[in-house]
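A.B. asks:
Numbering (the working numbering), first residue to last: 5 to 126.
(1) By Cβ distance, which residues of its chain are closer than 7 Å to residue 96, with the 5 residues on each side in sequence left out?
(2) Hey, quick one: how far does the alpha helix (DSSP H) through residue 84 stretch, first residue to last?
(3) With DSSP collapsed to three states, give me the class of residue 36.
(4) Can you find the residues in the same chain that come closer than 6 Å, C-beta to C-beta, to residue 83, ignoring five residues on each side of it along the sequence?
(5) How long is the line joining the alpha carbons of residue 22 and residue 35, rounded to whole angstroms?
(6) To the nearest angstrom, report how far apart residue 109 and residue 115 are at their CA atoms.
(7) For residue 121, does the three-state DSSP call read helix, strand or coil?
(8) Please go through the same chain and pick out, in chain order, the residues whose beta-carbon is closer than 8 Å to the beta-carbon of residue 30, but skip the five residues on each side of it.
(9) Return the CA-CA distance between residue 32 and residue 81, expressed in angstroms with no decimal places.
(10) For a test of the three-state rule: what should DSSP assign to residue 31, helix, strand or coil?
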């Protein structure tokens, strides 16, 4: 590991002027230049979309969106079904919003991980 002097460690309390010099920034140029990628598709979206569309049903099954069509043999009900079964309408709406947000996060995370795995192979 690289040895770093105590004076050179960043604490998050530094002034902009102290950090701007090493980053090549000044009063006239306070925003760094954007990173130039050699490809027009640096994240591999053209490859990821083919893979993602082919296995979208599998991804939706992983997050439980097809739970009402195909129940598992253990007899468990999905979070969405549990939320829909709540008696209080306000609790039902809150629970369904939370389930939807969790499903969106899981789907986005799955898509990013697939894209990263495709990029790591190349």
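Beta carbons: idealized from backbone N, C-alpha and C, even for Gly.
C.D. replies: Taking the coordinates as given:
(1) 87, 88 and 90
(2) 83-88
(3) coil
(4) 103
(5) 15 Å
(6) 10 Å
(7) helix
(8) 24
(9) 60 Å
(10) coil
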